[in-house]
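*Asks:* A single structure is presented below for examination.
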Amino acid sequence: MTSEAPLVTIDVLIEMLKQVIAENASRGCGKLAAVAWGAETLLEDTGFNSYDFVEIIFKIEDHFNIEIDYNANNNINDVKTIGELCAEVGKLVAKKQAA
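So in full-length UniProt numbering the end of the sequence shown lands on 99, straight run, no missing numbers.
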């Protein structure tokens with residue numbers, strides 16, 4: 001029997017994304033883009049950049065106790081929206097729980 005992992009929800013990922021973006025020192029004061037944050041929101045519209053991508057991967061791995069292989073052939077690299085990111089993380093969590 002496996003221990004229960006935290007629930008993968010849009011709200012959890014939005015908060016994680018906002019935290020990563022706000023903590024990125026290259027933005028000065030950590031400004032968040034003024035967009036409606038939801039499943040259909042494009043990551044690029046939030047001000048998310050390649051540095052943030054690496055940081056969110058680490059944060060997701062720690063939070064959900066999973067490993068994300070983000071090489072060029074992995075689906076995680078193809079996500080464009082927050083909803084797609086949530087779906088991919090959900091698959092990885094489910095895969096780990098099934099193991």
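Backbone N, C-alpha and C define an ideal beta-carbon position, used for all residues, glycine too. Owing to the predicted nature of the structure, the values given are computational and were not obtained by experimental measurement.
Is it true that the CB of isoleucine 57 sits closer than 7 Å to the CB of isoleucine 68?
*Replies:* Result yes, Cβ atoms of isoleucine 68 and isoleucine 57 sit closer than 7 Å.
*Asks:* Write down every uninterrupted run of the alpha helix (DSSP H) in the UniProt domain "Carrier" (15 to 93) whose length is 4 residues or greater and which is fully enclosed by it, in chain order.
*Replies:* Those alpha helix (DSSP H) runs which fall completely within the UniProt domain "Carrier" (15 to 93) and span 4+ residues are 50 to 64.
*Asks:* Work out the CA separation of aspartate 78 and valine 12 for me, nearest whole Å.
*Replies:* Their backbone Cα atoms lie some 20 Å apart in a straight line.
*Asks:* Can you tell me whether glutamate 55 is buried or exposed? The criterion is at least 16 other CB atoms within 10 Å of its CB, across all chains shown.
*Replies:* Buried, because 16 or more other Cβ atoms sit within 10 Å of the Cβ of glutamate 55.
*Asks:* Excluding the 5 residues flanking asparagine 74 on each side, which residues of the same chain have their C-beta closer than 8 Å to its C-beta?
*Replies:* Result list for asparagine 74: Ile68, in chain order.
*Asks:* Leaving aside the five residues before and after methionine 16 along the sequence, list all residues of the same chain whose C-beta is less than 6 Å from its C-beta, in chain order.
*Replies:* Excluding sequence neighbours, methionine 16 sits near Lys59.
*Asks:* May I have the straight-line CA-CA distance separating valine 8 from isoleucine 14, to the nearest angstrom?
*Replies:* Each residue's Cα considered, the two are about 11 Å apart.
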